[in-house]
Each structure stands twice: as C-alpha cells, then as structure tokens.
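*Asks:* First, the structure itself, so that you have it in front of you.
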Amino acid sequence: VVLVVDFGAQYAQLIARRVREARVYSEIVPSTMPVAEMLAKNPKAIILSGGPSSVYAEGAPRLDREIFEAGVPVFGMCYGFQLMATTLGGTVDNTGAREYGRTPLHVSKSGSTLFEGTPAEQSVWMSHGDACSAAPEGFAVTASTDVVPVAAFENDEKKLYGVQYHPEVLHSTHGQQILEHFLYRGAGIEPTWTTGNVIEEQVAAIRAQVGDKRAICGLSGGVDSAVAAALVQKAIGDQLTCVYVDHGLMRKGETQQVEKDFVAATGARLVVVDAEKRFLDALAGVSDPETKRKIIGREFIRVFEQAQLEILQEEGPEVAFLVQGTLYPDIVESGGGTGTANIKSHHNVGGLPDDIEFELVEPLRQLFKDEVRMVGQELGLPDEIVQRQPFPGPGLGIRIVGEVTKERLDLLREADAIAREELTAAGLDREIWQCPVVLLADVRSVGVQGDGRTYGHPIVLRPVSSEDAMTADWSRLPYEVLARISTRITNEVADVNRVVLDVTSKPPGTIEWE
Ligand code: XMP
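Numbering-wise (the numbering used here), the sequence shown opens with residue -5 and increments by one.
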C-alpha cells in the first residue's frame, strides 16, 4: 500500500486516485495518525498531500521526523514539500512570493528521478504563500519557477522527493508522469494493482468475514449496490439473498428494470418488498432534507430487519450480514476522512440508526466510482447496470423540495422519465454524470397554457459533469435538447408550467438539491 497523508485539503483524494491510476494501491490516512501507526501498515511509499496551512502557522499539522528516517520513500507535494523541507533543515520563508494557478516550471537538472524524460519547461499548478529558498542538505534542486528558487528537490539515496506544486491536478501537464516516476523509479514499486486483484482479494475477504452464515444485500438499482451484490454472490453464492426495497421513491420503470437486468446477469436470489406506504407514512409532513434522509435510512434498515425475519422463518439459519455498496468518497464525505466537514449524511453511512442489528459487509469501501464500474465489468455485469448514472439511495425523496407525497412523486416521475428519454435519445448519457430532475413542490408560478392562466410548479433540470461527484460542473447541454425536454414536460406533465436549468457548479452547490 502507498499511504497518502491528508493535510486537510481536498487534494488527498485526488492523489489517492492518481496513484491507483498508476496501478498502485493507495489509502488516505489523517496527518494526525502517529507516524509509528503509519509505518506499522508497512507502506511501500508515503505521499504527503497539500494542505491549507502555512508551515509556520500556529497549530499547523506536523509530522514526526521519524517518517523521513524509516527508509520508506516519501514524496511531498505543496504543504508536504514544505514540511519535508523545514523538518530536514531546509529553509521555507514567508517571502510574500505567492503563486496561484498555472505557472511555468523550469526543470534544472538532467538525471533527475522525477523529471527524466519530461520537458525542460512545463506547466504546473501552484497554490502557495510560503516558498522554499534552500533545500535540506543532501538534496538536489531539480526545478524552479520565476518566483521560487526551489520548486522541486530530490534525495535519491534517502528516497525522499518533493515538489512545490500539485502534480495530481490535470493542469500540471506532466504531473501523472512525475508521480509514476516517484512510484516506479524512486520507490521501486511494480504497477500490479488491477480490478482483477480487487475481486480476488475481496472474494477472499468476504468468505472469511461471512463464513457459513447468511447475508442479505439491499439492491437500490444503482451501480454500487449491484456490483457489491455481484461480488458477494461470487464469494458466497446462495448464502446471499438480495432484497430490493421498493420505497416508492424510485423513478419510472426502475423496479421492473432492476428485477430483470440484475437477476439475468447474476442469477442471484432476489426478493422485492413493496414498502411504498410505509415510507410515505414515515415521510408525511416532513420537509427538512436531513430529517428526510434520516427517516429513509432508518426505514430501510427496519424493512431489512423484517425481510431478515421472513427469510429466517423460511430458511432457518441466521442472517447476520448486511451488504452495502458504500464507496470511499461516501466515507470521506460523511466525516470519516480527516477533518473533512460532514456535508450531508449519506443514508448508507451517517444515517444508520445506532441499534442496527447487522454486521456490515462493504466490499467497495476502498474504491472510487470509476473503479467500481471496472469491477462490475470484470464481473460480467451488463452495461445497463455498470454504466448507469448514479442515483441517490433516498431516491426522489430528496428531489422534491418540500413534503414528499405520492401525488408529487408521480408528477416528478413523469417529468424525470421525459428528461431521461430525451437525454438518451440525444446520446448524452455518457457525457453527463447525472441529471437530477427536481420538483419545487412548495413553489408556484403563474403561467399561461391554452387559453387559461395556470399556477403550477417549476421543474429544475440539474445536468452535471463530474469525475467523482466530489466536484462537478453544470453540463452545457445543447439548447435543442433542453428545448425538447422543456416543451414535453410542460405539455405532458399536469401542474408543471415552467422548466428551469440549474447552472451552479459544485462547490458551491451540491449535485442534489437536498
Ligand atoms: P451531492 O448532492 O452530495 O451528491 O453533491 C453527490 C453524489 O452522491 C449522490 N448522493 C447519494 N447517494 N445516498 C446515495 O447513495 C445518498 O444519500 C446520496 N446523496 C447524494 C448524488 O446523486 C451524487 O451522485
């Protein structure tokens, strides 16, 4: 494993992904973890991420010097670079020499481990206030900028490397190459981490965890739960029963599709529970988004417990495990990462009630979304499942701004079906990450349809492009497609007289409206 030490910026996740793109397994650890504990994980290399602090600020995160003396190759980026510099006796000054954004880098030494084979001039992404003016003893300075004399240093003997910039972002034109140079040449790691390995490893881990007990898996219709279920099915076969809870918050035709596609692909046993009334009763009168999420999360577990009882009565042996398709970003975003704020309680992490009776099996909790898709493909799941756009567990319940009722759900289902149909027809499914369709149920505006004045609801289209849902941009959809969607929704969906487009990136907006 390669450890990415997180100094509190969002860069650590991106670094971890880039390392995996280099086919090397990586994990994020908080900078507050004692160095001895990091070393106990036997890392093949350690990467120190950037962070928002100045190394001179009071309370700025530090690392025990031991991390540089354990013989483990270390690569410092930005804050990590400055920390390495100051800890090992180099000089970092607050010179007022700031650099933000795209910056030309001058590579000053041939025979560099990091830069060999890359151009002498390259574009890199900078974001710093302090600057390193002298490298620690024993380090060769291998790059500079117009402003910073020491923008990269290397100590091949001790296997310590650092760059002032952010090689993990795409604006650093040779960033991935430099990261790979560190991993392969600096640290001597072989690029062997593949989705095939993940499957093997997880299958073994699931068998060890579950033993001869039984597991149930909640299928949501999304990629994550389907891949998690297929993986567990591969590991324990008939000991797994999949349960699909129709909470009444699904999109049009979704339940039927899950039944058909998933069972055909995996041969897994699937029980469909119709729980619409139960969810709608529990949600009656509730408009607050976090409360809705908590209720949906709670009801989900309750329905599973009931399904467990029923399966128990039928089959005897105890169902002790619950399979969930929790991903790495879910864990980090729910505050499971380091110092990362709790942005929303995702129903499959923060929203679980305390008295849960299952032990969780989460075979995807180390993976990013694109990796989950690769695993699914490798497991033989069809494109209709693997390439499906993300859909939140709480479903349309968090796409109705206001109280959730059956009537409003039906209305939203119609509008959503039209938007999806037109986006698919225009061939845009792969281009966009997802397109939530949102009903502003408590808002009405005046319109005119036919000869009469109307007073209907607006529908919001929220098409976004994204790499991992951590950040997103609004998709520039062709006007003709937007026009078709708008015309059809206002014509075909009663009580909707306006369609609006959300043109907010994430941040500051989240992808979903709730
Ligand atoms: P936000 O709205 O936080 O969404 O920008 C990021 C991604 O996560 C999905 N999402 C969820 N998925 N349970 C899920 O399984 C949830 O509670 C949940 N909330 C948001 C959202 O659709 C987007 O892809």
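The beta-carbon is built from N, C-alpha and C at its ideal position, and this holds for glycine as well.
These numbers come from a predicted model, not from an experiment.
(1) On the three-state DSSP scale, how would you describe Asn485?
(2) Which value, in whole angstroms, describes the spacing of the CA atoms of Lys500 and Thr320?
(3) Suppose you measure from the CA of His241 to the CA of Phe273; what does that come to, to the nearest Å?
(4) Could you check if Gln586 belongs to the surroundings of ligand 1, using beta carbon to heavy atom distance under 7 Å?
(5) When you compare the segment 129 to 137 with the segment 80 to 88, are there three or more beta-carbon pairs, one atom per stretch, that lie closer than 8 Å?
(6) Could you give the uninterrupted runs of the beta strand (DSSP E) lying entirely in the segment 76 to 147, keeping only those of 3 residues or more?
(7) For Pro37, count neighbouring C-beta atoms within 10 Å of its own C-beta (all shown protein chains included) and say buried if the count is 16 or more, exposed if not.
(8) So, do the segment 96 to 107 and the segment 56 to 66 have three or more beta carbon pairs nearer to each other than 8 Å?
(9) Would you list the one or two residues that DSSP bridges to Lys500?
(10) On the DSSP bridge assignment, give the partners of Asn149 in chain order.
(11) I need the DSSP call for Pro388, collapsed to helix, strand or coil.
(12) Is Glu21 helix, strand or coil by DSSP?
(13) Any heavy atom of ligand 3 inside 7 Å of the beta-carbon of Gln233?
(14) Does any heavy atom of ligand 1 sit closer than 7 Å to the C-beta of Arg456?
(15) Compute the distance between the beta-carbons of Ala259 and Leu358, then report whether it is under 8 Å.
(16) Between the segment 164 to 177 and the segment 191 to 209, can you find at least three pairs of beta-carbon atoms closer than 8 Å?
(17) Using a threshold of 8 Å, state whether the C-beta atoms of Arg470 and Pro430 are closer than that.
(18) Does the distance between the C-beta of Ala79 and the nearest non-hydrogen atom of ligand 1 fall short of 7 Å?
(19) Give me the residue from Ser281, Tyr19, Val252 and Arg92 with the minimum Cα distance to Thr186.
(20) Using beta-carbon positions only, say whether Asp58 and Val29 come within less than 8 Å of one another.
(21) Ordered along the chain, which non-local residues of its own chain (more than five positions away) have a Cβ less than 6 Å from that of Arg14?
(22) May I have the straight-line CA-CA distance separating Gly450 from Gln318, to the nearest angstrom?
(23) Can you tell me whether Asp0 is helix, strand or coil according to DSSP?
(24) I need the boundaries of the beta strand (DSSP E) containing Leu455, first residue and last residue.
(25) Between the Cα of Gln4 and the Cα atoms of Thr285, Ser117 and Leu42, which residue gives the shortest distance?
(26) Take Phe298 and list the residues in its own chain whose beta-carbon comes closer than 7 Å to its own, dropping the five residues that flank it on each side.
(27) Sorted by chain position, which residues of the same chain lie with C-beta nearer than 7 Å to Asp518's C-beta, five sequence neighbours on each side aside?
(28) What is the C-beta distance between Asp355 and Gly370, in whole angstroms, given that I count them as a contact (C-beta under 8 Å)?
(29) Buried or exposed for Arg447, going by 16 or more other Cβ atoms inside 10 Å?
(30) Can you find at least 3 beta carbon pairs, one from the segment 398 to 418 and one from the segment 483 to 502, that sit closer than 8 Å?
(31) If I'm right that Gly123 touches Pro55 with Cβ under 8 Å, what's the distance once you round it to whole angstroms?
(32) So, with DSSP's three-state summary, where would you put Ala409?
(33) In the structure shown, what three-state DSSP assignment does Thr167 receive?
(34) Any chance the CB of Gln381 is under 7 Å from a heavy atom of ligand 1?
(35) Using a Cβ-based criterion (distance less than 7 Å to any ligand heavy atom), does Ile200 qualify as near ligand 1?
*Replies:* Here's the rundown:
(1) Three-state result, Asn485: helix.
(2) Cα-Cα distance, rounded: 21 Å.
(3) Roughly 6 Å between the two C-alpha positions.
(4) Residue 586 falls outside the range modelled here, since the chain spans only -5 to 508, and no answer is possible.
(5) Result yes; three or more Cβ-Cβ pairs closer than 8 Å.
(6) List check, beta strand (DSSP E) in window: 85 to 87, 93 to 101, 115 to 122, 125 to 128 and 134 to 138.
(7) Buried is the label assigned to Pro37, since at least 16 other Cβ atoms lie within 10 Å of its Cβ.
(8) Too few Cβ pairs lie closer than 8 Å, so no.
(9) DSSP output for Lys500 lists Ala466 as bridge partner(s).
(10) Answer is Leu154.
(11) Coil, per DSSP.
(12) The answer is strand: DSSP assigns Glu21 an E or B state.
(13) This structure does not include ligand 3; its bound ligands are ligand 1.
(14) Outside the cutoff, so no.
(15) No, they are not a contact pair.
(16) No contact exists between the segment 191 to 209 and the segment 164 to 177.
(17) Going by C-beta atoms, Arg470 is not nearer than 8 Å to Pro430.
(18) Checking the Cβ of Ala79 against ligand 1 gives no.
(19) A check of alpha carbon separations from Thr186 across Ser281, Tyr19, Val252 and Arg92 identifies Tyr19 as the nearest.
(20) A contact, by the Cβ cut-off of 8 Å.
(21) Spatial neighbours of Arg14 in its own chain (CB-CB distance under 6 Å, excluding positions within 5 residues in sequence) are listed in chain order as Ser20.
(22) Between the alpha carbons of Gly450 and Gln318 lies a distance of about 39 Å.
(23) Correct three-state label for Asp0: strand.
(24) Run containing Leu455: Gly446 to Leu455, per the beta strand (DSSP E) assignment.
(25) Checking every option, the nearest Cα to that of Gln4 belongs to Leu42.
(26) Correct list, in chain order: Ile210, Gly212, Val237 and Leu316.
(27) Past the edges of the chain, shown from -5 to 508, lies residue 518, and the structure says nothing about it.
(28) It is worth fixing the name first, because residue 355 is Val in this sequence and not Asp. Separation of the CB atoms of Val355 and Gly370 is rounded to 17 Å, and the pair is thereby denied contact status at 8 Å.
(29) Of the residues assessed, Arg447 falls on the exposed side of the cut-off, its CB having fewer than 16 other CB atoms within 10 angstroms.
(30) A contact is defined here as three or more CB-CB pairs under 8 Å, and the segment 398 to 418 meets this definition with respect to the segment 483 to 502.
(31) Their Cβ separation, rounded to whole angstroms, is 16 Å, which puts Gly123 and Pro55 out of contact at 8 Å.
(32) Helix at Ala409.
(33) Of the three classes helix, strand and coil, the one that applies to Thr167 here is coil, per DSSP.
(34) Placement of the Cβ of Gln381 at a distance of 7 Å or more from every heavy atom of ligand 1 is found.
(35) False, no ligand heavy atom lies under 7 Å from that Cβ.
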